[in-house]
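Sequence order for the protein chains is D and F. Going by the numbering used here, the first sequence opens with residue 37, and the numbers climb by one from there. Going by the numbering used here, the second sequence opens with residue 4, and the numbers climb by one from there. Yeah, the Cβ is synthetic: ideal placement off N, Cα and C, and Gly gets one too. Heads up, the thing below is written out as structure tokens.
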Amino acid sequence: MFIEISEIKKHFGEGESRVDVLKGINMELEKGEFCVLLGPSGSGKSTLLNIIGGIDSADSGYVSIDGEKTADMSEKALTMYRRRHLGYIFQMYNLIPNLNIKENIEVGAYLGEDPLDVDEILKTLGLYEHRHKLPNQLSGGQQQRTAIGRAIVKNPDILLCDEPTGALDYNTSKEILKLIETVNKKYGTTVIMVTHNDAIKNMADRVIKLRDGVIRKNEKNEKKLSADELDW
Amino acid sequence: MRSPLTKRIFREIRDEAGKYIVIALFMIALISVASGYFIADASLKNAYDESFGLYNIEDGNLELAQTADEAVTELFESEDTAIYPNFYKDEDSKNGSTLRIFSEREEVNKVCLLNGSIPEKDDEIALDRLYMKSNSIAVGDTLTVSGKKYKIVGTIALPDYSALYENNTDFMFDTEKFGVGTVTKGGFERLGDKNIHYSYSWKYNDPPKERFGKDAYDKSDDFLKAISKNVMLLNYIPTCRNSAIKFSGNDLGHDRIMMIVLLYMLIVIISFVFAVTTSNTIAKEANVIGTLRASGYTKGEIILHYMAPPVIVLAAASIVGNILGYTLLKDNMADMYLGSYSLVSYETLFNADAFIETTIIPIVILCVINLIMLISKLSLSPLKFLRRDLKRHQRRKALRLNTKLGIMTRFRLRVFFQNITGYLTIFVGIFFASTIMVFCLMLNPLLDNLAAVTVDNMIAQHQYILKMPVETELDTAEKYSATSLKIRNGDFTEDISVYGITKGSRYYHSIINRDTAEISSAFADKYSLKEGDIITLHDEFGSHDYSFTVSGIYNYPGTLAVFIGIDDFAEKFDKDDGYFTGYFSDKEITDIDDKLIAGDITEDDYTKTSRQLKRSMGGLADTFVYIGIAVIILVVYMLSKVIIEKNSQSISVTKILGYSKREIGAVYIRTTTVVTILSILLCVPLVAVAIDALWRAMMMSYAGWLAPVVPVSAFVKTIALAIATYIVTSFALKHKINKIPLDEALKNVE
């Protein structure tokens, strides 16, 4: 199994304000699988994504990527783990505001051992003519495409997407989803996507529903649709 | 109803406590030093002014060959003056110094007791405070003078020796080599009758209105004319011409302008630091500002809100600084003067000017600079704030960088361009700090150099100043004439020595043609004079002008002087043929009675200027080197902190992406490192120019001339100190970057 998550528990706060966000999560993902984490606000899906991404730690349990447990890693090793294996896409893009579009993608390419061609990525993402602009000169969709470019340019094993369409309109959201779908198919990248949007589950290989820190449903999607076919 | 925003002001101060504490500590240090200085300066000046009445300071003193008989006393009385004996003996003392011992004083120039007691027994002596300090002498010690032992019972200040000039013709005083003391009448008799100086102080029954005004000079000249016909005078020093009395009074308050300029320049830098940090806070809180503005809060209310924390911090720092200035530091600051002058005891006076200068004006400067920034920043529409779009002019395209440069290099360049205002402020701060540091570090080498160059270029080993023309048999002695004229420089006038040089002089290595004059290199340098210029000097009160055409510049760096032929001199100043006032000689003259010699300027006199200046300025110079270091720490740390905070989200993102600490440091800290190091190096030529201009401007308000020779070592030390300071600061910056959490990037900031 490529990703193995076992008995992950996590809480925030202490005493009366203690909230158990994850109450023992177990799941497994195959390499190249497209997984959607669904759930209402506070269900723990973003926290789980952050623990998988090594930017938050669990109280107990472990995450294993290709046999390597993140909990055993030092801070330096975790940095190298993110550098080698992960690409991250955020809801609010998190581009570096003082770098232009091409440079933002190059920041990602710098980390890869065998990065993809930056100009090719820019063309694929429809950003080539905007490459010299700063992020604040682009629309939300264009910024999110840049963020995708930054995440995939280093050709990561896993693409972690935290509400990537949360701030976008319908058409732009679909464009973004199509791009993520292409990445998943073209490069065999494992995708874990956190979303509120129930319709997105239809493009996933696996759908995991969380509520109150517990997995309520973990199932294979037998009727997978393309991003183009989604509607909400 | 009070604005609910008020509560937020104190929360802002609390949340940014680190920043405000650092700035407040710096301001407290700065204001306490300035306040302490202003208070000490004003209090000492007041004590000095009052000492004339309180200690009944003489209107002048003169020396007779023997005690004044009844006829002489009557002569003085007929001139409407009273005379008081003030006999003294110059005795060899500790460390090769000369101790001038006076008999007890009852009516004029009364003794100010600072510590211990006035001598009551014949084997007791009280000594000048500064002389004791310079020679490590303490109350309770025993001093052997002229083979007699005296117990030191008190520390005193003599109001007629507030500057310890041994002779009125000396260039400078030397507190290590000359001091004064008093003994009882019996104690004075113990010293024997040999070499007593029959000095008398006089007081006018009808004193001149201004102690150092034209009246005083006229009156003293008239008095001299009246008495010199009937009495042989060995010395005649009216108070208005007495350096030992008036030098310290002239110097008090002289550095005030420098201190004010320094204070306000630092306040301007701090105000810019505040402006940059507040600007960063506004960027961070753009959506809050947008919401408040959209809700109906006026721009004025928001401006007041953001203006309040720096003003509160500065006001608090000013109050604490003033309290420290009044309590702890005024004595330290007074020690600056008390390290040079033997001033009488003083009382601390409340000084409204000091409060205005150290509190009100800094707050006004801070308010003006921050107000300009806030008005400019907050002039955007509420919508722009809500959209966090704080650019006044939307740039069509980002600045293009050569893509041949690696991404990390371009990343660093982007960080540089993004923070150019902060980096410019760092440059200005480093320039200012370096100027202070070089200024302080150059003082000692400059004074050493002055002493060395001046000694190398002395006209002769001995320059005798005679009280009256006396012949000598010494064949190496060469006659000269000298007088002192004044040059006007705006409101300031200073003395220029005019020498009459014997034709074919063996000491003056240049030929002076008739009707022309050579000037000293110091004079040429200070007043930018060159060959062919005509200089006009005037006598004491400007009643007579003397013009000289400069025919050459003579290498004489220690004194502002004009050299003409001795015959020209006599003609110009209406003297008889053969008139002279002294001798140049490489050997000591032994066949002239000491009492007829007003002074003998030797190598020691030239080096004492340098020694005394080093002694009195050394401590202050060290303090200002620390202030320079503090400015670098403050400016570099505060502004780099702003850069890091402004980029905290990007730093967090790069951490998530997998950038190592070293790589992130290479982007955000190396940029600051390069800017700081380049600023330090680029500032060197600018500082050299600034120091030259500053020094020349400063010296124009002082008598004499010290050429602004900045040794390379001062720059090297400044660079080394500044870089070392930055290295320490960069550790704090690294720590700051390491502390930025990974989840910073996960905060949904629109």
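Next on the checklist: Nearest by alpha-carbon distance to residue 561 (chain F): which of F:730, F:709, F:33, F:570 is it?
Outcome noted: F:709
Item to check | Any chain F beta carbon closer than 7 Å to residue 233 (chain D) | outcome: no
Checklist entry - Quick one: which chain F residues come within Cβ less than 9 Å of residue 115 (chain D)? => result 658, 661, 662, 663, 664
Checklist entry - For a contact meaning CB atoms closer than 8 Å, what does residue 144 (chain D) contact in chain F? => result 660
Next on the checklist: By the three-class DSSP mapping on this structure, what secondary structure does residue 482 (chain F) have?
Outcome noted: strand
Checklist entry - For residue 160 (chain F), which residues of its own chain have a beta-carbon under 7 Å away from its beta-carbon, when the five flanking residues on both sides are left out? => result 115, 117, 131, 132, 345, 346, 347
Checklist entry - So which of F:144, F:460, F:331 has the shortest CA-CA distance to residue 42 (chain F)? => result F:331
Checklist entry - Are the region 565-580 of chain F and the region 718-733 of chain F touching, with three or more C-beta to C-beta distances below 8 Å? => result no
Next on the checklist: Can you give me the C-alpha to C-alpha distance between residue 175 (chain F) and residue 253 (chain F), rounded to a whole angstrom?
Outcome noted: 14 Å
Checklist entry - Counting pairs of beta carbons, one from the region 197-207 of chain D and one from the region 125-133 of chain D, are three or more of them closer than 8 Å? => result yes
Next on the checklist: Taking its Cβ as the centre, do 16 or more other Cβ atoms sit within 10 Å of residue 51 (chain F), making it buried, or is it exposed?
Outcome noted: buried
Checklist entry - Which ranges would you report for the alpha helix (DSSP H) in the region 199-250 of chain D if only whole runs of at least 4 residues count? => result 206-223
Checklist entry - Along the region 409-424 of chain F, what residues have a CB closer than 8 Å to any CB found in chain D? => result 410, 411, 413, 414, 417, 418, 420, 421
Item to check | Minimum length 4: unbroken alpha helix (DSSP H) runs contained in the region 287-356 of chain F | outcome: 289-298, 302-327, 333-341
Next on the checklist: So the candidates are F:97, F:119, F:504; which of them puts its Cα closest to the Cα of residue 139 (chain F)?
Outcome noted: F:97
Checklist entry - Within 7 Å (strictly less), CB to CB, does residue 101 (chain D) reach chain F? => result no
Checklist entry - Name the residues in the region 226-256 of chain D whose C-beta lies less than 9 Å from a C-beta of chain F; which are they? => result none
Next on the checklist: Can you tell me whether residue 593 (chain F) is buried or exposed? The criterion is at least 16 other CB atoms within 10 Å of its CB, across all chains shown.
Outcome noted: exposed
Next on the checklist: When you compare the CB of residue 130 (chain D) with every CB in chain F, is at least one pair closer than 7 Å?
Outcome noted: yes
Checklist entry - Which same chain residues, not among the five before or five after residue 277 (chain F), have their C-beta less than 7 Å away from its C-beta? => result 313, 369, 373
Next on the checklist: By the three-class DSSP mapping on this structure, what secondary structure does residue 753 (chain F) have?
Outcome noted: Its pLDDT being 43, under 50, residue 753 (chain F) is placed unreliably by the model, and nothing is read from it.
Item to check | Sub-7 Å separation of residue 365 (chain F) and residue 293 (chain F) beta-carbons | outcome: no
Next on the checklist: Run through chain F and tell me which residues come within less than 8 Å of residue 211 (chain D), C-beta to C-beta.
Outcome noted: Those within 8 Å of residue 211 (chain D) in chain F number zero; the least Cβ separation is about 21 Å.
Item to check | Contacting residues, own chain, Cβ-Cβ under 8 Å from residue 306 (chain F) (five flanking each side not counted) | outcome: 374, 377, 378, 381
Checklist entry - Using DSSP with H/G/I as helix, E/B as strand and the rest coil, what is residue 700 (chain F)? => result helix
Next on the checklist: Taking the alpha-carbon of residue 463 (chain F) as reference, which of F:211, F:470, F:480 has the nearest alpha-carbon?
Outcome noted: F:480
Checklist entry - When DSSP labels each residue in this structure, what does residue 466 (chain F) get in the three-state scheme? => result strand
Item to check | the region 173-189 of chain F / the region 68-82 of chain F touching (three or more Cβ pairs under 8 Å) | outcome: no
Checklist entry - Does the Cβ of residue 753 (chain F) have 16 or more other Cβ atoms within 10 Å, making it buried, or fewer, making it exposed? => result Reliability fails at residue 753 (chain F), whose pLDDT of 43 lies under 50, so the model's placement of it is uncertain and the value that follows must be treated cautiously. With fewer than 16 Cβ atoms within 10 Å of its Cβ, residue 753 (chain F) is classed as exposed.
Item to check | Amino acids of chain D, ordered along the chain, whose beta-carbon sits closer than 7 Å to that of residue 450 (chain F) | outcome: Under the 7 Å cutoff, chain D gives no residues; its nearest Cβ is about 50 Å from residue 450 (chain F).
Checklist entry - Less than 7 Å separating the beta-carbons of residue 245 (chain D) and residue 75 (chain D)? => result yes
Checklist entry - From which residue to which residue does the beta strand (DSSP E) around residue 183 (chain F) run? => result 181-186
Checklist entry - Does residue 651 (chain F) get closer than 7 Å to chain D when you measure Cβ to Cβ? => result no
Next on the checklist: Closest to residue 130 (chain D) by C-alpha separation, out of D:52, D:170, D:44, D:53, would be which residue?
Outcome noted: D:170
Next on the checklist: Going residue by residue through the region 163-205 of chain D, where are the continuous alpha helix (DSSP H) segments of at least 4 residues, counting only ones entirely within it?
Outcome noted: 176-188
Item to check | Among F:672, F:193, F:170, nearest to residue 150 (chain F) - alpha-carbon criterion | outcome: F:193
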